[in-house]
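Chemist:
2 protein chains.
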Amino acid sequence: MSRKSSPTPAADPQAAAQPADGPLDASLDELIGYALRRAQLKVFQHLVSRLGAFDLRPAQFTALAIIQQNAGLMQADLARALAIEPPQAVVLLNKLESRGLAVRVRCKPDKRSYGIFLSKAGETLLKQLREVAAQSDLDATAALSAEERQQLIGLLHKIYR
Amino acid sequence: MSRKSSPTPAADPQAAAQPADGPLDASLDELIGYALRRAQLKVFQHLVSRLGAFDLRPAQFTALAIIQQNAGLMQADLARALAIEPPQAVVLLNKLESRGLAVRVRCKPDKRSYGIFLSKAGETLLKQLREVAAQSDLDATAALSAEERQQLIGLLHKIYR
DNA sequence: TCCGATTAGTTAATCTGCATAAAAATTCTG
DNA sequence: CAGAATTTTTATGCAGATTAACTAATCGGA
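Residue numbers (the UniProt record's numbering), protein chains in the order written: chain P, 1 to 161; chain F, 1 to 161.
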């Protein structure tokens, strides 16, 4: 029995899987949100399987890219950039650091915070990961032409910019 | 390590407290997967907040649409269509049934399985929900023109079809 | 017919990801 | 210097999802 009266239904970050493939139709294909979800799921899962070879998850890959692009940033900045809460940034960084991919460096002026940097190994790995991700992207969107990909990127940017 | 010649340029807390779209760049914007995820997140969260008024989540809305479009289907079919595991379909259906939106009807030839149907109330609500979802879609993609929306839908369909 | 294998659905235990809250350390301010 | 504010960390809890195990019903051959 579900005794879930749900007093606060609004704050719901990541929800369950919505769509799928199969013979069944939901007659929802004209909704951008529905199409977005299904396409995103496919591309995402593709990337997950590729990053699995490195025992990494997409969020960790993204974190590495953010750290490289903003070397020396603080954890709070990283959390904001990833749209996660600070405690999550801690566990994420712990993993990256325990693998020797990133390092926390105490800030001289403010000893509360750290500057975050990629290690040499992190830099090297990230370079590989970028190639892997780019290839995964191409594979997952093999049905599109190069122009269509650019078109799609442009449209998506308009939505979230 | 490396050159920290620029003394902590990360001191850029920024007033814009927007989650995923902050001042920080990940240099990942040319990846379709990255753009897809960010756009999907925005549109999805928009829909979540709209459906919150009905105490429903996107997966439940999708389930209603699938049930309507495939009246009499079995739970295993529903699970497959939603890309979820059977136990999850049970929870989902329990919720819908306890709200009087869907019904399980014992199959005559095979008393193990049920046929799933929308109730009258389910039909009525789904009609509303389709309008809500369509409006949410438009709101979340207000930056796009009508043509661009059609273009986008077409490109997305190519990815997941 | 009867017994084993299979299938549909359910239940329960567990895992995971994420959020909220509180704690610890440091800095800032008046 | 005392108190407020901040950066990070720890602790706790919750909702969603997966696996394994259980029940009930059907099927298939000896």
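All C-beta atoms, glycine included, are put in the ideal place defined by N, C-alpha and C.
If you reduce the DSSP assignment to three classes, tell me which class residue 31 (chain F) lands in.
Modeler: As a first step, residue 31 (chain F) must be located in the second sequence, where it is residue number 31. In the structure shown, residue 31 (chain F) sits in coil (DSSP, three-state: anything other than H, G, I, E or B).
Chemist: Just to confirm before moving on: does the CB-CB distance between residue 42 (chain P) and residue 140 (chain P) stay below 8 angstroms?
Modeler: Along the first sequence, read from residue 1 onward, the residue named residue 42 (chain P) stands at position 42. Along the first sequence, read from residue 1 onward, the residue named residue 140 (chain P) stands at position 140. Yes, Cβ-Cβ distance for residue 42 (chain P) and residue 140 (chain P) is below 8 angstroms.
Chemist: Secondary structure at residue 84 (chain P), three-state DSSP: helix, strand or coil?
Modeler: Within the first sequence, residue 84 (chain P) is the residue found at index 84, counting from 1. Of the three classes helix, strand and coil, the one that applies to residue 84 (chain P) here is coil, per DSSP.
Chemist: Rounded to whole angstroms, what is the Cα-Cα separation between residue 25 (chain F) and residue 80 (chain P)?
Modeler: Position 25 of the second sequence, counting from 1, holds the residue named residue 25 (chain F). Position 80 of the first sequence, counting from 1, holds the residue named residue 80 (chain P). Spanning the two alpha carbons is a distance of roughly 11 angstroms.
Chemist: Using the beta-carbon of each residue, which ones in chain F are nearer than 7 angstroms to residue 40 (chain P)?
Modeler: The residue given as residue 40 (chain P) occupies position 40 in the first sequence. Those are 36, 37, 40, listed as they occur along chain F.
Chemist: Determine whether the beta carbon atoms of residue 224 (chain P) and residue 101 (chain P) lie at a separation below 8 angstroms.
Modeler: Any property of residue 224 (chain P) remains undetermined from this structure, which presents chain P solely from 1 to 161.
Chemist: Taking the beta strand (DSSP E) that residue 104 (chain F) belongs to, which residues open and close that run?
Modeler: Here residue 104 (chain F) corresponds to residue number 104 of the second sequence, with the count starting at 1. Note, residue 104 (chain F): beta strand (DSSP E), 102-106.
Chemist: Pull up the distance between the alpha-carbon of residue 48 (chain F) and that of residue 58 (chain F), whole angstroms please.
Modeler: For the purposes of this step, residue 48 (chain F) is taken as residue 48 along the second sequence, with counting starting at 1. For the purposes of this step, residue 58 (chain F) is taken as residue 58 along the second sequence, with counting starting at 1. The straight-line gap from Cα to Cα measures roughly 6 angstroms.
Chemist: List, in order along the chain, the chain F residues whose C-beta lies closer than 7 angstroms to that of residue 149 (chain P)?
Modeler: To locate residue 149 (chain P), count along the first sequence from 1; it is residue 149. In chain order: 32.
Chemist: Write down the C-beta distance between residue 78 (chain F) and residue 65 (chain F) rounded to the nearest angstrom, noting that I regard them as a contact closer than 8 angstroms.
Modeler: In the second sequence, counting from the first residue as 1, residue 78 (chain F) sits at position 78. In the second sequence, counting from the first residue as 1, residue 65 (chain F) sits at position 65. No, residue 78 (chain F) and residue 65 (chain F) are not in contact; Cβ-Cβ is about 11 angstroms, not under 8 angstroms.
Chemist: So, does the CB of residue 121 (chain P) fall closer than 8 angstroms to a CB anywhere in chain F?
Modeler: Looking up residue 121 (chain P) in the first sequence gives position 121. Not closer than 8 angstroms to any Cβ of chain F, the Cβ of residue 121 (chain P) fails to qualify, so no.
Chemist: How many Å lie between residue 119 (chain F) and residue 103 (chain F) at the Cα?
Modeler: Within the second sequence, residue 119 (chain F) is the residue found at index 119, counting from 1. Within the second sequence, residue 103 (chain F) is the residue found at index 103, counting from 1. Between residue 119 (chain F) and residue 103 (chain F), the C-alpha separation is close to 6 angstroms.
Chemist: Measure the CB-CB distance between residue 114 (chain F) and residue 75 (chain F) and report whether it falls below 8 angstroms.
Modeler: The count along the second sequence starts at 1 and reaches residue 114 (chain F) at position 114. The count along the second sequence starts at 1 and reaches residue 75 (chain F) at position 75. A contact, by the Cβ cut-off of 8 angstroms.
Chemist: When you check each C-beta in the stretch 55-83 of chain P against every C-beta of chain F, which residues fall closer than 7 angstroms?
Modeler: Answer set for the stretch 55-83 of chain P: 62, 65, 66, 69, 70, 72, 73, 74, 77, 80, 81, 83.
Chemist: To be precise: take each residue of the stretch 123-137 of chain P, compare its Cβ to all Cβ atoms of chain F, and keep it if any distance is under 9 angstroms. Which residues remain?
Modeler: Listed by position, the residues of the stretch 123-137 of chain P near chain F (Cβ gap below 9 angstroms) are 123, 130, 133, 134, 136, 137.
Chemist: With C-beta atoms as the reference, is residue 152 (chain F) less than 8 angstroms away from residue 153 (chain P)?
Modeler: Position 152 of the second sequence, counted from the first residue, corresponds to residue 152 (chain F). Position 153 of the first sequence, counted from the first residue, corresponds to residue 153 (chain P). No.
Chemist: Whose C-alpha, out of P:143, P:155, P:159, is nearest the C-alpha of residue 161 (chain F)?
Modeler: For this step, residue 161 (chain F) is matched to residue 161 along the second sequence. If we check each option's Cα against that of residue 161 (chain F), P:143 comes out closest.
Chemist: Measure the alpha-carbon distance for residue 155 (chain P) versus residue 28 (chain F) and round it to whole angstroms.
Modeler: Numbered from its first residue, the first sequence carries residue 155 (chain P) at position 155. Numbered from its first residue, the second sequence carries residue 28 (chain F) at position 28. Approximately 16 angstroms between the Cα atoms of the pair.
Chemist: Residue 116 (chain F) and residue 67 (chain F): beta carbons closer than 8 angstroms?
Modeler: Looking up residue 116 (chain F) in the second sequence gives position 116. Looking up residue 67 (chain F) in the second sequence gives position 67. Yes, these two residues count as a Cβ contact at 8 angstroms.
Chemist: Return the first residue and the last residue of the alpha helix (DSSP H) that residue 61 (chain F) is part of.
Modeler: Taking the second sequence and counting its residues from 1, the one referred to as residue 61 (chain F) is at position 61. Its alpha helix (DSSP H) spans residues 58-69.
Chemist: I'd like the list of long-range same chain contacts for residue 96 (chain F), defined as Cβ closer than 6 angstroms, with 5 residues on each side in sequence excluded.
Modeler: If you number the second sequence from 1, residue 96 (chain F) lands on position 96. If we look at residue 96 (chain F) and ignore the five residues flanking it on each side, its Cβ neighbours are 102.
Chemist: Going along chain F in order, which residues have a C-beta closer than 8 angstroms to the C-beta of residue 29 (chain P)?
Modeler: Taking the first residue of the first sequence as position 1, residue 29 (chain P) is located at position 29. Residues of chain F passing the Cβ test: 153, 157.
Chemist: Using a beta-carbon distance below 8 angstroms, is residue 43 (chain F) in contact with chain P?
Modeler: Numbered from its first residue, the second sequence carries residue 43 (chain F) at position 43. It does; some Cβ of chain P falls within 8 angstroms.
Chemist: Return the first residue and the last residue of the alpha helix (DSSP H) that residue 72 (chain F) is part of.
Modeler: As a first step, residue 72 (chain F) is located in the second sequence; it is residue number 72 there, counting from the start. Here residue 72 (chain F) belongs to no alpha helix (DSSP H), and DSSP marks it neither H nor E.
Chemist: What number of angstroms, rounded off, separates the C-alpha of residue 98 (chain F) from the C-alpha of residue 86 (chain P)?
Modeler: Numbered from 1 along the second sequence, position 98 holds the residue referred to as residue 98 (chain F). Numbered from 1 along the first sequence, position 86 holds the residue referred to as residue 86 (chain P). Near 38 angstroms, if we compare the C-alpha coordinates of residue 86 (chain P) and residue 98 (chain F).
Chemist: Do you know whose CA, among P:89, P:54, P:105, lies nearest residue 72 (chain P)'s CA?
Modeler: Locating residue 72 (chain P) in the first sequence gives position 72, where the first residue counts as 1. It is P:105 whose Cα lies nearest to the Cα of residue 72 (chain P).
Chemist: First and last residue of the beta strand (DSSP E) that includes residue 118 (chain F)?
Modeler: Locating residue 118 (chain F) in the second sequence gives position 118, where the first residue counts as 1. It spans 114-118 - the beta strand (DSSP E) in which residue 118 (chain F) sits, taken as one unbroken run.
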